[in-house]
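Worksheet for the structure shown next.
In full-length UniProt numbering, the protein residues as written are 1 to 83.
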């Protein structure tokens, strides 16, 4: 259900913030999961900034996501700029 999904996303965001540090929570505005892809919306970021975030956090994010939500089958991480 939607409530379970929201709770899972909140738990995942908390785990990611713990692993990646407070800068992560300051940057990420939303988390969604689509067909094995974890999509993180980032505050008004230019393409170069999105690339830097991916380089900095991608591996940690995948490990945390696979550990906390194994049933989601997350295999990839994508950063997108929030409107």
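C-beta atoms are modelled at their ideal positions from N, C-alpha and C, and glycine is treated no differently.
The model shown is predicted, which means the values in this text are computed figures rather than measured ones.
Candidates the options: closest to residue i by CA position
i          : options           : result
residue 67 : 43, 50, 15 and 7  : 15
residue 47 : 34, 81, 32 and 26 : 81
residue 74 : 64, 13, 37 and 9  : 37
residue 9  : 22, 28 and 21     : 28
residue 52 : 17, 22, 78 and 35 : 78
residue 72 : 45, 57, 39 and 55 : 39
Classification of residue i by the beta-carbon crowding that lies within 10 angstroms, buried from 16 upward
i          : result
residue 61 : buried
residue 65 : buried
residue 57 : buried
Unbroken stretches of the alpha helix (DSSP H), 4 residues or longer, contained in the region 25 to 81: DSSP runs (the alpha helix (DSSP H)) wholly in the region 25 to 81: 47 to 68.
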